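In the working numbering, the protein residues as written are 591 to 1130.
Glycine residues also receive a C-beta, built at the ideal position from the N, C-alpha and C atoms.
Since the model is a prediction, treat every value here as computed from it, not as a measurement.
Data block below; observations after.
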Ligand code: ADP
């Protein structure tokens, strides 16, 4: 027997309409690419999203058409999230930090009809424009006064595009399973793969992320998302903020510690969101200038494991709870978080940090398990570890334009991560399956070693890779970028690690380097290093 309830569709246009109706005066503050701070309200954002919808319709865009963006976190990018998806088109947020070949691949593969780009990316787009297919025009996200000289063709100024349009627009109703946005994985090997989100998956994800056990968003929350809108929809927070009427503070292109702190100081966010490298920059700046984070209560960190030293510094110097989140492009992106509980308040502080280092409990809607290489499920006992599998309505079913499912025979998606699940439900990432070091049949976590090594004050950044070994197959080697003004030796580092990791985990060598390679999303890029150092121990 079916229930007797209405079949309302979950549509992204509904979020911005709701924000306008119930949280009209909630603010959106942006550091603009042009420089000044811009400030307006959800009511303004809703009006301009409708002007944009009218403009896009006049450009001839039709339901299902794709529009690319190369843009920072600002109010104009926010309007694109709603204006484009709202008319049934798809917003393809392209990560400008990718290599030019990857950008070209993504823009062509996505069939983008128009590109909306920030001033910062005009030159970048000029450099690849000859290899782009099917682009009808490029809209520059600025006003007439700031329009640049460019060799790009069919260039339109964003403010001119929407200026004359009506603020009235009747958002179309359609199936909530309609595609809304498209993000590509960074693709450290092979071409990037597209994940095509739907209105339904996006709204469910935003709803879940805003609940108390995750970001705990309400109309009293002031959020500073440093996590970029050009990658994994800024963890869904632009949608969640519209749903709840939370104030948004967008950092624009200035992500260094001083600029981020300036916004924190003036706008008083209580919730920060970003990857560990951004917080390293902020903490460093605060240390140098002897300042503290007074308004901030929580910081959500994810995208890579947060080192214990960072969790501790946020807590002890700034009274900020660092909440670990885990997820990936294929998961909309968040799937787990380690939120603060009453039990944590009563815990020994070191035990609490142990818990905060774990990636957290699954949200409602996400099923999660671990399995061995044959697909047999492993016990969730906090000891066994294996391939981390997920399923749920916010997880990819197949990659964009693929005719093959991304699920296994039992409907699981293999995350490519190796993890443990503890009896009380906390998931702990051990490593990426391709990064784990297989030493004499046992596994060593490169992440654990790296995070322990960065606890040494002389270490700026650490990277552990497995290299070939005659007896043990693979052994860990630790690459270190020294901290500014520090000069640790190999023995200092090994001595520091000695009582912190199992003896057989100790790296076989410590190599000091000037810099380490990163992916476009700021993660260590280990593929090239593995090739470079493959025979390092054998030839030694
Ligand atoms: P990319 O495009 O670089 O793959 P994603 O954001 O999709 O970007 O990367 C997802 C991967 O990042 C995960 O599979 C996991 O390996 C890693 N990751 C994300 N969050 C965490 C975390 N909190 N701790 C450890 N690893 C994480």
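Taking each of 951, 701 and 624 in turn and checking the Cα distance to residue 802, the smallest one comes out for 951. Between residue 717 and residue 662, the C-beta spacing is not below 9 Å.
The shortest CA-to-CA distance from residue 1051 to any of 1076, 891, 1034 and 1030 is the one to 1076. Taking a 10 Å sphere around the C-beta of residue 1030, we find fewer than 16 other C-beta atoms and assign the residue as exposed. Excluding the 5 residues flanking it on each side, residue 1073 has same chain C-beta neighbours closer than 7 Å at 1047, 1048, 1049 and 1050, in chain order.
Residue pairing for residue 1053: DSSP places it in a beta bridge opposite 1069. Taking a contact as a CB-CB distance under 8 Å, the pair residue 659 and residue 646 does not count as one, their CB atoms being some 13 Å apart. Segment contact: the segment 921-937 against the segment 833-850, fewer than three CB-CB distances shorter than 8 Å; contact not assigned. The secondary-structure analysis by DSSP pairs residue 916 across a beta bridge with 926. Beta-bridge partners of residue 659 (DSSP): 683 and 706.
Taking C-alpha positions only, residue 763 is separated from residue 747 by approximately 29 Å.
Excluding five sequence positions before and after residue 722, the CB atoms of its chain that fall closer than 7 Å to its own CB belong to 694, 697 and 698, given in chain order. Taking each of 1115, 1018 and 1090 in turn and checking the Cα distance to residue 1054, the smallest one comes out for 1115. For residue 863, the enclosing beta strand (DSSP E) stretches over residues 861-864. Per DSSP, reduced to three states, the secondary structure at residue 797 is helical.
Assigned with DSSP and collapsed to three states, residue 755 falls in coil, not helix or strand. Looking at the DSSP output, residue 618 bridges to 630 and 838.
With 16 or more other Cβ atoms inside 10 Å of its own Cβ, residue 620 counts as buried. For residue 959, the enclosing beta strand (DSSP E) has its first and last residue at 957-961.
A check of alpha carbon separations from residue 832 across 817, 844, 808 and 855 identifies 808 as the nearest. Relative to the ligand ADP, the beta carbon of residue 1010 is positioned no closer than 8 Å to any heavy atom. The C-beta distance from residue 618 to residue 635 rounds to 6 Å, short enough to meet the 8 Å contact threshold. With a threshold of 16 other beta carbon atoms within 10 Å, residue 665 meets it and is buried.
DSSP places residue 1118 in no beta strand (DSSP E) but in the uninterrupted alpha helix (DSSP H) bounded by 1116-1123. Beta-bridge partners of residue 772 (DSSP): 682 and 786.
The alpha-carbon of residue 1020 is positioned some 12 Å away from that of residue 916. Remark: the C-beta of residue 811 is outside contact range of the ligand ADP, defined as less than 8 Å to any heavy atom. Residue pairing of residue 1102 in beta bridges, as defined by DSSP: 1070.
If you ignore the 5 residues before and after residue 883, its C-beta comes within less than 6 Å of the C-beta of 908 and 910, all in its own chain and listed in chain order. Going by beta carbons, residue 690 and residue 651 fall outside the 9 Å limit.
When only Cα atoms are considered, residue 700 and residue 681 end up about 10 Å apart.
Residue 881 places its beta carbon 9 Å or farther from that of residue 943.
Not one heavy atom of the ligand ADP sits closer than 8 Å to the Cβ of residue 958. In the structure shown, the three-state DSSP call for residue 668 is helix.
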